[in-house]
Amino acid sequence: MTLNVIMLNCRNIAMYRFFLKRLIDILLSIAGFVILLPIFLILTLWIKADSPGPVFFKQKRVGIHKREFDILKFRTMYIDTPKDIPTHMLADPEKYITKAGRFLRKTSLDELPQLINIIRGDMSIVGPRPALYNQYDLIEERDKYGANDVMPGLTGWAQINGRDELEIPVKAALDGYYTEHIGFLMDCRCFFGTFSAVLSGRGVSEGQKRERKKILIITNHSYMLYRFRLELISKLMEQCEVVLSMPFVGHEDDFQAMGLKCINTPMERRGINPVKDLKLLKEYKRQLREEAPDLVITISVKPNIYAGYLCGKMHIPFAAMVQGLGSPFEKPVLAQLVTVMYRTGLRKAHRVLFENKDNAAVFVNKHIVEPEREVVLSGAGINLDLFGEREYPVNDIFRFLYVGRIMEEKGCGELFAVTKRLHAENIPFLLDLVGFYEDDFREQVKELEDAGILQDHGFLNDPREYYAQSDCVVMPSYHEGMSNVLLEAAAMGRPLITTDVPGCREAVINEVSGLLCQPKDEESLYQAMKKMLGYTREQRETMGKEGHKHMVKNFGKDAVVTHTIEALSEIL
5 MTLNVIMLNC
15 RNIAMYRFFL
25 KRLIDILLSI
35 AGFVILLPIF
45 LILTLWIKAD
55 SPGPVFFKQK
65 RVGIHKREFD
75 ILKFRTMYID
85 TPKDIPTHML
95 ADPEKYITKA
105 GRFLRKTSLD
115 ELPQLINIIR
125 GDMSIVGPRP
135 ALYNQYDLIE
145 ERDKYGANDV
155 MPGLTGWAQI
165 NGRDELEIPV
175 KAALDGYYTE
185 HIGFLMDCRC
195 FFGTFSAVLS
205 GRGVSEGQKR
215 ERKKILIITN
225 HSYMLYRFRL
235 ELISKLMEQC
245 EVVLSMPFVG
255 HEDDFQAMGL
265 KCINTPMERR
275 GINPVKDLKL
285 LKEYKRQLRE
295 EAPDLVITIS
305 VKPNIYAGYL
315 CGKMHIPFAA
325 MVQGLGSPFE
335 KPVLAQLVTV
345 MYRTGLRKAH
355 RVLFENKDNA
365 AVFVNKHIVE
375 PEREVVLSGA
385 GINLDLFGER
395 EYPVNDIFRF
405 LYVGRIMEEK
415 GCGELFAVTK
425 RLHAENIPFL
435 LDLVGFYEDD
445 FREQVKELED
455 AGILQDHGFL
465 NDPREYYAQS
475 DCVVMPSYHE
485 GMSNVLLEAA
495 AMGRPLITTD
505 VPGCREAVIN
515 EVSGLLCQPK
525 DEESLYQAMK
535 KMLGYTREQR
545 ETMGKEGHKH
555 MVKNFGKDAV
565 VTHTIEALSE
575 IL
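The numbering of the sequence shown is the working numbering, which starts it at 5 and goes up by one.
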């Protein structure tokens with residue numbers, strides 16, 4: 005008698021599972037689709053009006069016996085959202101969800117198009133929710149309970165008992181419980197329990213909870229980032245996870261030794277090659293999707309424009325650091341193009357940080373950035389412990405020092421021309437050159453070396469000893485954000501000669517801690533260098549001391565880092 009009852013129950017379960025359940029699915033889905041058609045049309049219009057993109061969203065899911073199919077949903081997120089990551093695993097899904105999407109997800113109306121999946125035979129009304137094709141841990145865990153061998157559902161036992169908040173083993177176990185107890189009564193419990201779960205919002209989790217915010221810093225030079233932003237990065241690491249994206253050209257090992265994730269992102273810093281720049285744009289997009297940062301900090305032109313544009317499109321908060329305007333703003337046609345690119349790239353920047361007030365004013369005047377989004381810093385600041393004041397040297401011959409990239413825009417053409425003029429007047433001095441070539445000045449440098457008035461020391465990681473040995477540091481640059489070379493030299497107590505341009509003039513108190521000359525003006529530079537040569541050692545030493553005081557008062561690294569963190573904290 006007992007055996008007959010068991011066999012009858014088995015036949016009833018099989019009849020329900022393989023015939024009646026499917027019949028109910030078809031009838032209810034068709035009826036639901038017809039009844040809800042007006043709602044379908046209203047939601048379709050709302051989604052189209054709310055954001056660009058298709059009405060429906062397709063995603064590869066795992067069906068019965070682990071066969072893959074495309075699930076249908078109303079689109080609730082912007083079209084550039086990562087497509088193969090569960091929403092509750094995104095770091096900050098709110099920045100991806102549309103206005104219409106928030107309502108649809110809260111009410112679960114985004115799942116309505118799955119009535120089509122049910123009619124097609126991909127799904128059932130009740131069953132384990134279909135896993136993403138790449139949720140291997142969930143699929144494997146369900147195998148233990150045979151839950152991959154039943155039709156996935158629009159709703160299910162796990163859905164009404166925790167949904168997104170459930171750990172993988174718990175969710176799989178609940179799916180297994182459903183599989184073991186599948187039947188008409190169980191499906192009724194799941195179906196009617198769904199209404200209660202939806203109305204209460206029980207178990208909905210929009211995003212992975214991070215213990216620490218993630219910051220992605222995108223720049224164009226690993227060496228420069230380490231030299232001038234190390235203290236800022238160290239401070240950010242105290243509260244946040246920090247990831248660096250940059251070309252590896254030095255100090256990347258030091259960053260990694262600090263525990264930072266570093267992404268090698270090659271780029272042409274100065275060239276404009278559409279093919280290579282498009283490749284860079286795609287790489288930035290990939291990184292932003294994979295890292296899903298809470299905040300992006302872009303530094304230098306291409307990261308500001310390309311990564312900034314993508315952050316705006318992908319609704320990722322970002323701050324841009326403008327290190328200087330560069331030569332494009334000095335060429336009328338190119339300036340117009342760069343202005344348009346900057347407007348596009350910085351349109352949705354939460355903060356734009358400048359190293360001097362003149363550059364900030366240019367961006368306001370060109371309608372690139374509104375004043376309320378601007379923050380003006382004192383450059384990158386100077387580490388006064390690392391670049392402490394040194395005793396002024398006693399040299400047998402006067403030593404000028406140039407530190408930086410050897411290129412036209414740094415005034416190297418004028419510097420070498422003046423060096424020749426002073427040498428022709430039989431004035432004893434030596435020019436020390438520390439840096440790497442970006443423009444071809446090698447022949448001029450060799451000529452001056454052969455004449456015994458220049459020493460080319462090449463690129464050096466640490467120029468402090470050369471600052472210490474110099475009588476005066478000269479930087480006749482055409483433009484700067486804020487010259488770190490000038491800040492370092494002044495902090496170590498050396499008088500300066502530099503141009504009267506933004507990013508250079510701030511480092512000097514003219515006639516007190518150094519001398520200003522006009523940019524691109526050989527005669528002006530000549531007069532300044534000759535005047536410096538005419539000072540006594542004691543006069544130059546006094547100028548150096550005044551320069552050090554100026555740095556302590558206005559350019560301390562700690563104050564600049566604090567100011568920067570305060571600006572970024574308003575976004576985080």
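Ideal placement from N, C-alpha and C gives every residue a C-beta, glycine not left out.
Note that the structure is a prediction, hence the values are computed from the model and not measured.
{"Query": "Own chain residues within Cβ distance below 8 Å of K217, not counting five before or after", "Result": "Q243, C244, E245, D298, L299 and L576"}
{"Query": "Option nearest L41 by Cα separation, candidates F252, I75 and L116", "Result": "L116"}
{"Query": "Every unbroken alpha helix (DSSP H) inside the stretch 470-525 [4 residues or more]", "Result": "488-495"}
{"Query": "Helix, strand or coil at T48 [DSSP, three-state]", "Result": "helix"}
{"Query": "Chain B contact for V373 (CB, 8 Å cutoff)", "Result": "As a matter of chain content, chain B is missing from the structure shown, which is built from one protein chain."}
{"Query": "Range of the contiguous beta strand (DSSP E) that encloses G462", "Result": "L458 to G462"}
{"Query": "Reduced DSSP secondary structure (H/G/I, E/B, other) of R273", "Result": "coil"}
{"Query": "N-terminal and C-terminal residue of the alpha helix (DSSP H) that T546 is part of", "Result": "R541 to N558"}
{"Query": "Distance between L27 and E184 (C-alpha atoms, nearest Å)", "Result": "21 Å"}
{"Query": "As assigned by DSSP and simplified to three states, the class of L24", "Result": "helix"}
{"Query": "Own chain partners of I120 with C-beta closer than 7 Å, once the 5 adjacent residues on each side are dropped", "Result": "L76"}
{"Query": "Collapsed DSSP secondary structure at L31 in the structure displayed", "Result": "helix"}
{"Query": "Assigned exposure category for E145 - 16 Cβ within 10 Å defines buried", "Result": "buried"}
{"Query": "Beta-carbon proximity of F322 to A353, cut-off 8 Å", "Result": "yes"}
{"Query": "Contact check, G383 vs V564, beta carbons under 8 Å", "Result": "yes"}
{"Query": "Contact set for A511: own chain, Cβ-Cβ below 7 Å, skip 5 residues either direction", "Result": "S487, L490, L491, A494, L500 and T502"}
{"Query": "Rounded separation between D525 and E418 - CA only", "Result": "7 Å"}
{"Query": "Three-state class that DSSP yields for Y82 in the structure shown", "Result": "coil"}
{"Query": "Limits of the unbroken beta strand (DSSP E) element including N268", "Result": "K265 to N268"}
{"Query": "Contact check, M127 vs G157, beta carbons under 8 Å", "Result": "yes"}
{"Query": "Cβ neighbour criterion (16 or more within 10 Å) applied to Y140", "Result": "exposed"}
{"Query": "Member of F22, G456, K557 and L229 whose CA lies at the smallest distance from the CA of M155", "Result": "F22"}
{"Query": "Cα-Cα separation, R544 to V366", "Result": "35 Å"}
{"Query": "Same chain, Cβ closer than 7 Å to M19, five either side skipped, listed in chain order", "Result": "none"}
{"Query": "For F420, three-class secondary structure by DSSP", "Result": "helix"}
{"Query": "DSSP three-state assignment for Q327, whether helix, strand or coil", "Result": "coil"}
{"Query": "Of the listed residues E429, G254 and Y82, nearest to H319 (C-alpha basis)", "Result": "Y82"}
{"Query": "Straight-line gap, Y346 to T198 (C-alpha atoms, nearest Å)", "Result": "49 Å"}
{"Query": "Same chain, Cβ closer than 7 Å to L519, neighbours up to 5 away in sequence not counted", "Result": "I501, A532, K535 and M536"}
{"Query": "Touch test, the stretch 400-411 against the stretch 375-390, Cβ-Cβ under 8 Å, three pairs minimum", "Result": "no"}
{"Query": "Helix, strand or coil at L357 according to DSSP, with G and I counted as helix", "Result": "strand"}
{"Query": "Nearest candidate by alpha-carbon position, reference D281, set P375, I51, L435 and P307", "Result": "P307"}
{"Query": "Euclidean distance between Cα positions of M30 and V130", "Result": "The question names Met, but residue 30 in the sequence shown is Ile. In a straight line, the C-alpha of I30 is about 12 Å away from that of V130."}
{"Query": "Distance between H483 and K335 (C-alpha atoms, nearest Å)", "Result": "13 Å"}
{"Query": "Sequence-distant residues of the same chain with beta carbon closer than 6 Å to E378, five excluded per side", "Result": "V356 and A364"}
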